[in-house]
Amino acid sequence: MSTKSYISNLSAGRNWAVIGIFFYLFLVVLSFILNSESWSSDLNLEKNYLGPFKDGNHILGTDGLGRDVLAGILNGAKISFLISIATSFFSVMIGLTLGYLSGYIGNERIKSHPFLISIYLFLCCLWIFYSWSSGSWFLFLIILVCSIFVIHFVSYKFNLLKANVYLPLDDIVMKLIEFSRSISGIFILIFCLAIFEGRSIWNVIFVITIVRWQSITRFIRAELLKIKNVEYIKNAEALGIPSFKILQRHLLPNIYRPLLTIMVYGFAVTIMLEATISYIGIGLPLETVSWGTMLSESRSYFQAWWLAIFPGLMIFFVTMSLRKLVDTTEDNWTYL
Amino acid sequence: MSAFVKLLQSILLFVALSISIFFLKNLLPNDPVEQSLGIYSENEFDDRAYSDSEYRKEAIKLGLDKPKFYFGFIPSDWSAEYQKLLIPQHKKIAHALISRGLKWEDIDLYLKAGQESENKSAIMALNSGLLQGTNIPNNLDFGPNYTELLLNIYANKKRSFYYPVFQWHGIDNQYHHWIKTCIDLKNNLSNIDNQPAGPKISSALKWTLSITLPTLFLSFFFGIFLGFQRVISKSKIWDYLQNILDLFHSLPLFWFATLLVIFFTTDDYGQFTNIFPSIHSMSFSTGLGIFNNLKYLLLPILCYILLNAGYISALMTSSLRDQLSKPFILTAQLKGLTKKQIIKQHGLKNAMFPIVTLFTSAIPASFAGSLILEIIFNIPGVGRLLYRSILLADWNIGLPVLLLLSAITIISYWVADIIYAKIDPKSSVAKA
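Protein chains in written order, with this note's numbering: chain A, 125 to 460; chain B, 26 to 457.
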């Protein structure tokens, strides 16, 4: 897909984007300094639905419960920042692991014996059974990992079962991605959020990670496939350099820039997703003020235009400047 | 052959999806028995509006005494009777006692004593069974503290070794019955309002399709037209139009829709901005059918087109320009073809490739986007139906809708593959 001219058109305003990002970070720092969480939850029922610029104490007005809109915007900046940081960390961790397994190791690198594979699968099933029936899953996880190591070591050392079948890691990961892609992300979000009993910021982080991991995995897989067959990596393999060193010295520095790009882009997507689910009313807890919850409040009282305009503008500007910041090349674009 | 494999794969995917939904819905905080009792209970605000025997009767009516799946594994020190414990409190106690190494016979005695706490002989039997060898007098009365005491006595006991026992339950299980009612759309009743699922889903689907189909076709028509015009004509108007649409494309969908609702459906900001019908008046006239309510669909359709046409036209322009700068166009020019012929026969066909990709991925995306539009504009479509049924744990409706939506997604990916093979024969060769 060639979208180069469109992208160059988009990234024309990069300087403005940098200013926008710094403004956003400034708001985040300010919300930590001013303790916006308690400020934004100050109720004042006498001064509800106060318009902007009418009261010195509430510059941007108040909402239906008399909470300050400016404080809400600061708190929303903080919450969206925390959620985006955590989500991009977790989803990049998952994406790097699975992308490495499917993109670099692939279908034809790890060999094993079918009997060994079935033993490992059987042990995993046993682990699930014992952790379900006894509740102490971590103890049994250690036992599982140790026993797999022992079996692997013994069979490798004494040449008991000759490895003759390739593990189709790439196919497995791609099937997993296909399965999760068959349902739209927003429905997965609703589905998972319905399962949690209480609402918290961690649930939102967990659920957005579930939605985001597959696009990042696909992206990293594609990047690794591109540099997998480059001469110097083949040379490094031929020299017998351990695969962890290859990952650390050759693969990671090569995908560093595109990874940063997708992380910044993922920031924008996460802010949007968080605002969307809070807007629908299933995301953050009701007492937490964020951009999405403020927007959803504006639907119940149409005269209060400031409740719709200010948080929406914040979402718009932050996601816009994040998108303009990334120097998106044509290859990155197809996976986002 | 490959089509057969694909069909098999998608059927497997549906089965996996339904199994995972079945086991996840058991994790939900809502208790299905309480839910169905709550409808008939006269005193809603009373914590215990029903007795244990009522609860058990309702649970048996819902089929909860049956095993969950076709087969299962239970620990060797459990009895099959464990599955017939229907009351969650009893289950919890039994689980706690088993993990402290008690035998199943003792737990059974204990639970029976709990059911008939006046029966002295049952308690005596229990005491002599459970409290043997402990310092506690064995004429202890049965009460709420009894359980705690028992747990304390056995706190340090270790459960002896156990192993999984395979059990085959046959087709008389919860999953089988559930999936049978879910697929049978005529007799599948909603848990909430006892309406059959078939008509409910089909009427919702009509609403959703009447949003998604016009938006998809109109936005792609406008986008392709605009992108094409920007390459062909020298007029600046199309570029200005593109710039405006670019601005719209970067707006969040739900914010833009909310702004449209706030400013253009009410009198609050003056008579002249009240252009579109109010979203709340719709709920009274849903019975009249779609064709009488078309005016309610104007705003969501407009909103979606404005947000998406800009990206499509930009993609079209760049892809067409990309193709026109390639050497084979120069060859065509040297052959003496006119500009019209070159663009129509050589440029346009190759330039449509990314547009097709975008179109096939836009079909599932438009269903996801219609969820937000349906919530904001108060339209009773599929997305809203799914949203409500998931939140209210009405899985008899939720599963068919979810399967329908994932079928649409899978089919749109198939269509993409077929169209790729038609446009570019290279892709099918490369895949094989």
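A virtual CB, placed ideally from N, CA and C, is assigned to each residue, including glycine.
Check	Outcome
Alpha-carbon to alpha-carbon, Gly322(A) and Ile340(A)	28 Å
Nearest-angstrom beta carbon gap, Trp429(A) and Ile300(B) [assumed within contact, 8 Å]	Actually they are not in contact, since the Cβ atoms of Ile300(B) and Trp429(A) sit about 17 Å apart, beyond 8 Å.
Beta strand (DSSP E) segment containing Phe98(B), residue limits	Phe96 to Pro100
Ile249(B) versus Ser338(B): straight-line alpha-carbon distance, rounded	5 Å
Residue burial classification, Cys328(B) (beta-carbon count within 10 angstroms, cutoff 16)	buried
CB contact check: Asn139(A) to chain B, cutoff 8 Å	no
Chain B within 8 Å of Phe330(A), Cβ atoms only	no
Beta-carbon proximity check, Trp280(B) vs Leu449(A), cutoff 8 Å	no
Inter-residue Cα distance where the pair is Gly230(A) and Leu32(B)	26 Å
Any C-beta of chain B under 8 Å from that of Arg342(A)	no
Alpha-carbon spacing of His120(B) relative to Trp193(B), whole angstroms	22 Å
Closest by C-alpha distance to Val331(A), when choosing among Asp295(A), Leu349(A), Ile312(A) and Glu232(A)	Ile312(A)
Continuous beta strand (DSSP E) stretch holding Pro189(B): start and end	Pro189 to Trp193
Through-space distance from Gln34(B) to Ser45(B), alpha-carbon basis	16 Å
Start and end residues, alpha helix (DSSP H) containing Asp90(B)	Asp90(B) -> no alpha helix (DSSP H), and no H or E assigned at all.
Interface positions of the region 257-278 of chain B facing chain A (Cβ-Cβ less than 7 Å), listed along the chain	Ser275, Leu276 and Pro277
Beta-bridge pairing of Lys235(A) - partner residues as DSSP gives them	Tyr290(A)
Within 8 Å of chain A by C-beta, residues of the region 379-407 of chain B in sequence order	Pro379, Thr382, Pro389, Ala390, Phe392, Ala393, Leu396, Ile397, Ile400 and Ile401
Proximity winner among Leu383(A), Asp294(A) and His182(A), relative to Arg233(A) (alpha-carbon distances)	Asp294(A)
Any C-beta of chain A under 8 Å from that of Tyr461(B)	This structure gives no information on residue 461(B), because the portion of chain B shown stretches from 26 to 457.
Meets three-Cβ-pair contact criterion under 8 Å: the region 212-221 of chain A and the region 359-369 of chain A	no
Near-chain A residues of the region 91-107 of chain B (beta-carbon distance less than 9 Å), N- to C-terminal order	Phe98, Ile99, Pro100 and Trp103
Asp79(A), DSSP secondary structure in three states	The requested residue 79(A) does not occur in the structure, where chain A is confined to residues 125 to 460.
Backbone CA spacing between Pro389(B) and Leu408(A) [nearest angstrom]	26 Å
Supposed contact pair Leu266(B) and Leu251(B) - C-beta distance, whole angstroms, cut 8 Å	6 Å
Cys207(B) burial status per 10 Å Cβ neighbour count (16 or more: buried)	buried
Minimum length 4: unbroken alpha helix (DSSP H) runs contained in the region 346-418 of chain B	352-360, 373-402 and 407-416
Gly335(B) vs Leu270(B) beta-carbon contact at 8 Å	yes
Residues, ordered as in the chain, of the region 338-364 of chain A that lie near chain B by beta-carbon distance below 9 Å	none
Min CB distance Trp321(A) to chain B below 8 Å	At residue 321(A) the sequence reads Glu, which differs from the Trp that was named. Judged by the 8 Å Cβ criterion, Glu321(A) is in contact with chain B.
Residues of its chain near Tyr65(B), where Cβ-Cβ distance is below 8 Å and the 5 sequence neighbours each way are ignored	Only weak support exists for where Tyr65(B) lies, its pLDDT of 48 falling under 50; the value from the coordinates is given anyway. Nothing listed; no residue qualifies.
Strand pairing of Ile214(B), partner residues [DSSP]	According to the sequence as given, residue 214(B) is Leu; it is not Ile. Answer by DSSP bridge pairing, in chain order: Pro221(B).
Separation of Lys299(A) from Tyr438(B), as counted between CA atoms	14 Å
Per-residue DSSP class, three states only, for Thr290(B)	coil
Under 9 Å by beta carbon: chain A residues contacting Ser124(B)	Ser257, Ser258 and Gly259
Beta carbon proximity, Gly188(A) to chain B, threshold 8 Å	no
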